[in-house]
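For the protein sequence lines, the chains are A and B, in the order given.
Numbering-wise (this note's numbering), the first sequence opens with residue 49 and increments by one.
Numbering-wise (this note's numbering), the second sequence opens with residue 70 and increments by one.
Have a look at the structure below, then the notes.
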Amino acid sequence: DTAVSQTPKYLVTQMGNDKSIKCEQNLGHDTMYWYKQDSKKFLKIMFSYNNKELIINETVPNRFSPKSPDKAHLNLHINSLELGDSAVYFCASSPLTSSEQFFGPGTRLTVL
Amino acid sequence: QQQVKQSPQSLIVQKGGISIINCAYENTAFDYFPWYQQFPGKGPALLIAIRPDVSEKKEGRFTISFNKSAKQFSLHIMDSQPGDSATYFCAVNSGGYQKVTFGTGTKLQVIP
């Protein structure tokens with residue numbers, strides 16, 4: 049019954065590796081997002097997709113590439129991981145008829 | 070540039086007291102002002118939200134006060150309880166692309 053789910057919940061990896069985080073929502077929403085929350089709890093939008101189309105792309109390094117195979121899924125692939133990428137990454141979704149965002153449980157990424 | 074400024078950064082309130090968190094914004098195009106609540110290890114969740122056509126909205130112990138001319142809004146938690154201990158984020162958005170910009174967060178601790 050989970051509305052917005054993410055896998056994995058924890059991800060520990062070495063610098064330079066490539067990793068992916070998966071997100072799925074079963075709410076029927078058209079818009080999905082990726083947010084990054086740093087160690088100071090600051091929450092910043094990275095990307096937004098509306099029905100598989102990229103509509104928001106904030107100033108994010110090219111090493112980050114979102115992919116939306118369908119409107120229920122939004123995955124985040126990160127190349128050449130750096131120490132500064134360590135953070136909690138949240139997926140979220142929202143319907144077109146509302147501004148409320150529904151967040152997933154987060155993926156804590158630790159780059160060693 | 071920071072589009073929404075939130076204060077205080079942290080707040081300690083005794084059980085039964087009133088918790089007040091403030092936010093100020095700059096862009097008059099914003100038309101949706103939500104507050105999100107985040108418990109440790111969880112994603113943020115919508116707590117209460119207001120549109121600029123009203124000056125106050127109350128839901129249970131939670132009230133948003135909105136001052137359009139001052140471009141400020143605040144969250145009041147009446148009869149604060151230890152279960153309210155969490156990080157609170159104000160946010161703003163202008164609806165169009167449903168891009169939400171979050172404040173820097175306030176860590177609230179309610180002590181018995």
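Cβ atoms here follow ideal geometry from the backbone N, Cα and C, with glycine treated the same way.
- Contact between the region 81-91 of chain B and the region 144-164 of chain B is present: 3 or more CB-CB pairs across the two stretches fall below 8 angstroms.
- Residue state for residue 118 of chain A is assigned as strand, using DSSP reduced to three classes.
- Across the structure, residue 139 of chain B and residue 171 of chain B are spaced so that their CA atoms are roughly 19 angstroms apart.
- Residue contact with chain A for residue 126 of chain B: absent (no Cβ-Cβ distance below 8 angstroms to any residue of chain A).
- Between residue 70 of chain A and residue 61 of chain A, the gap from beta carbon to beta carbon reaches 8 angstroms or more.
- When the five nearest sequence neighbours on each side are left out, the beta carbons in the same chain lying within less than 7 angstroms of the beta carbon of residue 77 of chain B are those of 175, in order along the chain.
- When rounded, the separation of the alpha-carbon atoms in residue 57 of chain A and residue 124 of chain A is 14 angstroms.
- The region 53-99 of chain A is shown to contain whole beta strand (DSSP E) runs of 3 or more residues at 58-61, 67-73, 79-85 and 91-98, in chain order.
- Contacts with chain B at 8 angstroms (Cβ-Cβ) do not include residue 70 of chain A.
- Contacts between residue 134 of chain A and chain B, judged by CB atoms closer than 7 angstroms, are missing: the closest CB pair is about 16 angstroms apart.
- In the displayed model, residue 131 of chain A falls within a helix according to three-state DSSP.
- Against residue 91 of chain A, the close residues of chain B are 113, 158, 171 and 174, in the order they occur along the chain (beta-carbon pairs closer than 8 angstroms).
- With a cutoff of 8 angstroms on beta-carbon distance, residue 152 of chain A and residue 53 of chain A are scored as near each other.
- For the C-beta of residue 168 of chain B, the chain A residues within less than 8 angstroms are, from N- to C-terminus, 93, 96 and 104.
- Counting every other CB atom within 10 Å of its CB across the protein chains shown gives residue 80 of chain A a total of 16 or more, marking it as buried.
- For residue 148 of chain A, the chain B residues whose Cβ falls inside 8 angstroms of its Cβ are 103, 115 and 118, in order along the chain.
- Against chain B, the CB of residue 112 of chain A has no partner CB under 8 angstroms away; the residue lies outside that interface.
- Using beta-carbon distances, residue 154 of chain A counts as an interface residue toward chain B, with a partner under 8 angstroms.
- Cα atoms of residue 91 of chain A and residue 82 of chain A: separation of roughly 10 angstroms, rounded to the nearest angstrom.
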